[in-house]
Amino acid sequence: MIFDPAGYVVTVSYVLLDAAMIQVSLRDGRVVPAKLVGLDLESGLGVVKLEGDGPWPAASLGDSSTVVVGQATATVGVDDDNDLVVTQGSVQEIRSFAGYWEYMLDRAFVVAPYNPAFGGSPLVNVQGDVIGITSLKIGEHPSVNLAIPIELFTASKDELISQGRVLSRRPRPWLGLYTVPAGEGVVVAGTSPIGPAKQAGFQRGDVIVRISGEKVASQEDFYRRLWQAQVGQEITLVVLRESGFQAITVRPVDRYQFFRTTGN
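Printed below as a string of structure tokens:
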């Protein structure tokens with residue numbers, strides 16, 4: 003979605019990670035090359051800039067902080083044939099969301115009905131202002147969409163554009179763990195091949211029950227305790243593996259070191 007006449011586009015960060023080339027398909031059929039401007043892995047958003055002369059038609063960014071449950075919305079997406087897919091709906095829930103890839107939003111919009119063209123699609127209010135960026139499909143039959151409130155972007159977009167990431171925010175410690183909730187603690191579903199968790203010896207099926215001496219009550223609790231640590235500072239996690247407990251010491255890293263945040 004173009005949000006600035008200079009040609010700046012905001013979308014979900016997962017479509018930009020490791021991209022060798024970026025092209026943007028416009029509604030008039032043109033395919034315009036673009037370059038990566040910045041990534042905000044904490045919010046799950048990223049920015050690219052269209053190459054070529056502007057000004058470009060830009061959407062208006064709204065105020066997502068005032069959104070309430072039941073508010074009428076529309077999700078505006080584009081399918082593989084570049085046809086517009088518009089789904090009129092409403093905000094069903096406003097709640098926190100924790101993803102398996104060390105990702106969490108304190109406030110996210112759950113929107114129904116589901117729009118299949120969701121990855122990076124704008125969520126707009128009845129005035130046509132963008133109040134969120136649709137990110138994920140949740141559930142089955144019926145599915146719903148998860149949208150990232152646009153306030154997470156507007157608060158940091160200038161720094162994201164000028165610096166390539168939000169440098170004023172303390173780096174978030176990253177382990178490269180994929181986890182799912184359990185009755186008590188969280189279960190390791192896998193590890194990133196480039197993260198320190200794999201090197202430290204975490205295994206699929208490990209149940210993480212403590213971090214830095216504190217009991218892990220939930221996936222959200224695990225993330226919050228992990229992010230209280232410092233990048234490069236060793237932490238100890240206790241896991242239940244088979245029938246015994248095992249302590250694993252690991253040194254979190256800044257995951258931005260693995261990803262290009264600017265460039266073509």
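The sequence shown begins at 3 in this note's numbering and counts up one residue at a time. Yeah, the Cβ is synthetic: ideal placement off N, Cα and C, and Gly gets one too.
Among the options, the one whose alpha carbon lies nearest that of residue i
i: Glu186; options: Val240, Phe5, Gly9; result: Val240
i: Gln94; options: Leu86, Phe111, Ser27; result: Phe111
i: Ala202; options: Val88, Ala249, Gly46; result: Ala249
i: Gln232; options: Thr238, Arg174, Ser214; result: Arg174
i: Gln205; options: Val188, Val71, Lys217, Ser214; result: Val188
i: Pro57; options: Trp103, Phe5, Asp81; result: Phe5
i: Ala219; options: Glu44, Ala184, Leu107; result: Ala184
i: Leu177; options: Thr156, Pro151, Tyr102; result: Tyr102
i: Ala157; options: Leu86, Gly234, Asp108, Asp65; result: Asp65
i: Met106; options: Gly46, Ala21, Arg257; result: Gly46
i: Phe120; options: Gly234, Arg109, Asn147; result: Asn147
C-beta atoms of residue i and residue j nearer than 8 Å
i: Leu41; j: Arg167; result: yes
i: Val78; j: Ser137; result: no
i: Val12; j: Met3; result: yes
i: Val132; j: Pro198; result: no
i: Ser62; j: Gly130; result: yes
i: Gln221; j: Ala100; result: yes
i: Gly9; j: Leu43; result: no
i: Ala334; j: Val126; result: Coverage of the chain is limited to positions 3 through 266, which leaves residue 334 absent and any answer about it impossible.
i: Ala76; j: Val87; result: no
Neighbour-count burial assignment, residue i, 16 or more Cβ in a 10 Å radius
i: Pro7; result: exposed
i: Asp208; result: buried
i: Glu153; result: buried
i: Ser98; result: exposed
i: Ile135; result: buried
i: Ala2; result: Given a span of 3 to 266 for the chain in the structure shown, any question on residue 2 remains unanswerable.
i: Ile213; result: buried
i: Ile196; result: exposed
i: Lys217; result: exposed
i: Leu169; result: exposed
Backbone CA spacing between residue i and residue j [nearest angstrom]
i: Tyr16; j: Arg172; result: 21 Å
i: Arg262; j: Ser67; result: 31 Å
i: Val69; j: Gln90; result: 16 Å
i: Asn117; j: Asp83; result: 15 Å
i: Ala60; j: Leu28; result: 12 Å
i: Ser145; j: Gly48; result: 25 Å
i: Val50; j: Phe247; result: 46 Å
i: Tyr225; j: Arg32; result: 42 Å
i: Leu179; j: Val255; result: 12 Å
i: Thr264; j: Asp55; result: 20 Å
i: Ser92; j: Leu242; result: 42 Å
i: Asp30; j: Val71; result: 35 Å
i: Val194; j: Glu104; result: With the sequence shown as reference, residue 194 is identified as Ser, and Val is not the correct amino acid for it. Approximately 11 Å between the Cα atoms of the pair.
i: Asp85; j: Met23; result: 22 Å
i: Thr181; j: Leu228; result: 13 Å
i: Gly234; j: Arg257; result: 11 Å
Whole-angstrom C-beta distance between residue j and residue i, which should lie under 8 Å
i: Gln25; j: Val34; result: 7 Å
i: Ile210; j: Val190; result: 7 Å
Within-8 Å CB hit, residue i to chain C
i: Ile250; result: The chain inventory of the structure shown lacks chain C, comprising one protein chain alone.
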